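Peer 1: Protein chains in written order, with the working numbering: chain A, 1 to 462; chain B, 1001 to 1296.
Just so it is clear, CB atoms sit at the ideal spot from N, CA and C, and this is done for glycine as well.
As the structure is a prediction and not an experimental result, all values here were calculated from the model.
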Ligand SMILES: Nc1ncnc2c1ncn2[C@@H]1O[C@H](COP(=O)(O)OP(=O)(O)O)[C@@H](O)[C@H]1O
Ligand SMILES: [Mg+2]
């Protein structure tokens, strides 16, 4: 029985356990005069029986799947005649692969030595036994668990507390998975970066002005030495993000003011989600919009004014990215502006201020921290954005602040470094991790700052 | 409900005790025994503000029913009544703060001296500079004490030089009885003051634009007794230079600070008279029921 079917069977057993648990608790309740004489609702007894069935079965299944393969391998290798056993670890791996291939039928049996053929046969045999044993073990454990859960049901059983406890642990495990994944990613990036800094000095990386990561792939190639100065990339990133913010902050802020202060509630109810859709457009769509529409438009416009514009320019990417992050600014700003208490508006209006004076002198200053938070979140989004830049801003690492020239950004370089065939421990590939680490730290800092500001602001009116 | 029985009792008492009404027209509705005309003396000679037949609607719901009253020069008028009877609504229509509520409509004639408040040509900015307002909850702006007081004068261009502005700020704070407490911390945030100080700051902020009338909507309801006493003292002083209309839910407060008192009931002005008369010899049974604590 394969694992999929086995899982299905477990589900069926759990359902049965649930049903039986429910029936038994109801049956116990009946002579007592109704379910209110039970300690917990029948649902909890049923849940408890189901959990008793599911958890042991799944634990057995999981452990088996994890250890089964290496256990069988050890058995197979151990079964080989001593003179056939290769000494080195890697040769042993190769041999195992060979045995594997024979067993799965990818290699014809007569192309290998008889010892290997025998081992392959044993491997297949062991696998069969293992699958059978697994099925039996899971079913038996699941049934025992369910039976235990079912038998223990009594009016005094504190099933509710027990189920709550288990669910709590389950939720915690899920939260843990998310956290551990983040930590894991961070660790792997960190370790690879450390390897990178073993090859290239951090000073060259952080302060170098030239980025040209082309290095010899093989020892016999003419070695062109790579340059790993990250400054042009960060300048490019900042340039494009700055252009994006120059677009997004005024537009976002003013539309937020309009929505929060002037728009009719009905219009607001429609316009706010509509604006937020902008954030949901896939960035690749923005990317080709930037590359195919905005960039040529800017170039033609520039040429008609006698300016020299590259066909891929920071301006095009920045403008489109600005449009993309408008909702980050407007949505948050709208929230904080609406959160400014009505009493402050009344106070200002009551002194004879007009609505726009009130907005300018009372509401915006009061909401400023929250607005800043929104802008920082938008900025960290802009810095991390890749697709638009890949498509519209180009790949050449120019160190320039001229928005009409092509620039490249950290994220774009990470993409180019890692696409194509590379040796995994070359400085070129490892550089991607170092860039990733820098980027991560930058956006993390921005996010932390933004969240702090927003939080501090929230507390102010409470 | 208790209220309903009180009303019914009130109706009988009124019929017996008030010969004017007994032979006059029937009451406006059978459930609410309101007098056809406000009982007492709602009008004065040469008033500061003159309101006639004021109706206020929130959407389809009428919150004020044909209220007519005068507010005399340099007098303190108290508006009292059970909560939800429309005191705030009426007060807010006196400087058109109700304009900020979309569904709110005001009709009738409301005059500040000879000017019609709801004349299309009336400038709300100017009106609110002449009729200032202090709110129920102290609402200083999240700015410095100085900037709070200077807010209005700056808006209306009342001071040309920093020196003039400083002077306005100081006089306003002195009049509000706050100067001694804050003169060393003018540039600290106004939100850092205690509740009572904040409310006096709001009063200073209001009088900094030299209004003629000051409207106060339960200015002490968020304050402790000591802070309340200070504000009441302040109101007495301010009445020398300003006309004041104050909403309060405390009858003692109305008795202490006001010269005339208006009693509102479910959007109707039931009775208005000298404060002493209202509290010692109420003419209408509803007023009597309210001031003797039978409902409220
Ligand atoms: N913004 C508003 N929208 C709709 N109805 C309102 C609004 N403000 C007050 N009301 C209604 O008008 C009536 C009078 O309210 P209000 O003037 O606040 O009473 P008071 O100040 O005497 O307690 C109440 O029934 C209240 O529900
Ligand atoms: Mg009120």
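Classify residue 318 of chain A: buried if its beta carbon has 16 or more other beta carbons within 10 angstroms, exposed otherwise.
Peer 2: The residue in question, residue 318 of chain A, is buried, as its Cβ has 16 or more Cβ neighbours within 10 Å.
Peer 1: For residue 1243 of chain B, which residues in chain A fall below 7 Å Cβ to Cβ?
Peer 2: Under the 7 Å cutoff, chain A gives no residues; its nearest Cβ is about 16 Å from residue 1243 of chain B.
Peer 1: When DSSP labels each residue in this structure, what does residue 1220 of chain B get in the three-state scheme?
Peer 2: coil
Peer 1: Determine which residues of the region 1115-1133 of chain B have a Cβ less than 8 Å from any Cβ of chain A, and write them out in chain order.
Peer 2: 1124, 1125, 1126, 1127, 1128, 1129, 1132, 1133
Peer 1: Buried or exposed for residue 346 of chain A, please, with buried defined as at least 16 other CB atoms from any protein chain shown within 10 angstroms of its CB.
Peer 2: buried
Peer 1: Can you round the beta-carbon distance between residue 1221 of chain B and residue 1265 of chain B to whole angstroms, since I take them to be within the 8 Å contact cut?
Peer 2: So it is not a contact: roughly 20 Å between Cβ atoms.
Peer 1: So, using beta-carbon positions, are residue 1247 of chain B and residue 1218 of chain B closer together than 7 Å?
Peer 2: Yes; because the gap between Cβ atoms is below 7 Å, this pair is in contact.
Peer 1: What does the shell around ligand 1 hold, if a residue joins when its beta-carbon is under 5 Å from any heavy atom?
Peer 2: B:1058, B:1063, B:1083, B:1084, B:1085, B:1086, B:1087, B:1088, B:1089, B:1101
Peer 1: Quick one: does residue 1153 of chain B have its CB under 7 Å from some CB of chain A?
Peer 2: no
Peer 1: Does residue 1141 of chain B get closer than 7 Å to chain A when you measure Cβ to Cβ?
Peer 2: Yes, residue 1141 of chain B lies at the interface with chain A (some Cβ there is under 7 Å from its Cβ).
Peer 1: By the DSSP assignment, the alpha helix (DSSP H) with residue 121 of chain A in it spans what residues?
Peer 2: 114-151
Peer 1: In whole angstroms, what is the alpha-carbon distance linking residue 1278 of chain B and residue 1085 of chain B?
Peer 2: 18 Å
Peer 1: I think residue 399 of chain A touches residue 235 of chain A, with their Cβ atoms under 8 Å apart; what is that distance to the nearest whole Å?
Peer 2: 6 Å
Peer 1: Of the residues that make up the region 267-284 of chain A, which ones have a beta carbon closer than 9 Å to any beta carbon in chain B?
Peer 2: none
Peer 1: Could you tell me if residue 172 of chain A is buried or exposed, where buried requires 16 or more neighbouring beta carbons within 10 angstroms of its beta carbon?
Peer 2: exposed
Peer 1: Let me see if you follow: with CB-CB separation under 7 Å, is residue 339 of chain A close to chain B or not?
Peer 2: no
Peer 1: Can you list, in chain order, the residues of its chain with a C-beta nearer than 6 Å to that of residue 60 of chain A? Leave out the 5 residues immediately preceding and following it.
Peer 2: Same-chain partners within the cutoff: 137, 138, 141.
Peer 1: Answer with buried or exposed for residue 132 of chain A, where buried requires no fewer than 16 other C-beta atoms within 10 angstroms of its C-beta.
Peer 2: exposed
Peer 1: What are the residues of the region 331-362 of chain A that lie near chain B, defined by any Cβ-Cβ distance shorter than 8 Å?
Peer 2: From the region 331-362 of chain A, only 341, 343, 344, 345, 346, 347, 348, 349, 350, 351, 352, 353, 354, 357, 361, 362 have a Cβ closer than 8 Å to chain B.
Peer 1: Please go through the same chain and pick out, in chain order, the residues whose beta-carbon is closer than 6 Å to the beta-carbon of residue 88 of chain A, but skip the five residues on each side of it.
Peer 2: none
Peer 1: Please classify residue 148 of chain A as buried or exposed, where buried requires at least 16 other C-beta atoms within 10 Å of its C-beta.
Peer 2: exposed
Peer 1: Answer with buried or exposed for residue 97 of chain A, where buried requires no fewer than 16 other C-beta atoms within 10 angstroms of its C-beta.
Peer 2: exposed
Peer 1: How long is the line joining the alpha carbons of residue 11 of chain A and residue 17 of chain A, rounded to whole angstroms?
Peer 2: Spanning the two alpha carbons is a distance of roughly 10 Å.
Peer 1: Whole angstroms are fine: how far does the CA of residue 1280 of chain B sit from the CA of residue 1271 of chain B?
Peer 2: 13 Å
Peer 1: Can you grab the Cα-Cα spacing for the pair residue 310 of chain A / residue 435 of chain A, in whole Å?
Peer 2: The alpha-carbon atoms of residue 310 of chain A and residue 435 of chain A are separated by roughly 26 Å.
Peer 1: Helix, strand or coil for residue 1028 of chain B per DSSP?
Peer 2: Reliability fails at residue 1028 of chain B, whose pLDDT of 42 lies under 50, so the model's placement of it is uncertain and no value is given.
Peer 1: Using a beta-carbon distance cut-off of less than 8 Å, what residues from the region 1074-1100 of chain B approach chain A?
Peer 2: 1095, 1097, 1100
Peer 1: My output table needs one value for residue 1235 of chain B: the three-state DSSP class, helix, strand or coil.
Peer 2: helix
Peer 1: For the region 1145-1179 of chain B, list every residue whose C-beta sits within 7 Å of some C-beta in chain A, in sequence order.
Peer 2: 1151, 1152, 1155, 1156
Peer 1: Shortest alpha-carbon distance to residue 3 of chain A belongs to which of A:267, A:294, A:64, A:268?
Peer 2: A:64
Peer 1: Checking 7 Å against the spacing of the C-beta atoms, do residue 321 of chain A and residue 244 of chain A come in under that value?
Peer 2: For residue 321 of chain A and residue 244 of chain A, yes; Cβs fall inside 7 Å.
Peer 1: Suppose you measure from the CA of residue 1141 of chain B to the CA of residue 344 of chain A; what does that come to, to the nearest Å?
Peer 2: Distance between the alpha carbons of residue 1141 of chain B and residue 344 of chain A is about 6 Å.
Peer 1: Using CA atoms only, rank isn't needed, just tell me which of A:22, A:388, A:340 is closest to residue 366 of chain A.
Peer 2: Ranking A:22, A:388, A:340 by Cα distance to residue 366 of chain A puts A:340 first.
Peer 1: Using a Cβ-Cβ cut-off of 6 Å (strictly less than) and excluding sequence neighbours within five positions of residue 1028 of chain B, which residues of its own chain qualify?
Peer 2: Residue placement at residue 1028 of chain B is flagged as unreliable, the pLDDT there being 42, under the threshold of 50; the coordinate-derived value follows with that caveat. Here the set comprises 1034.
Peer 1: So the alpha helix (DSSP H) residue 194 of chain A belongs to, where does it begin and stop?
Peer 2: 159-199
Peer 1: Find the residues of chain B that neighbour residue 365 of chain A, judging by a C-beta separation of less than 9 Å, and give them in chain order.
Peer 2: Ordered by position in chain B, the residues that pass the 9 Å Cβ test against residue 365 of chain A are 1141, 1142, 1143.
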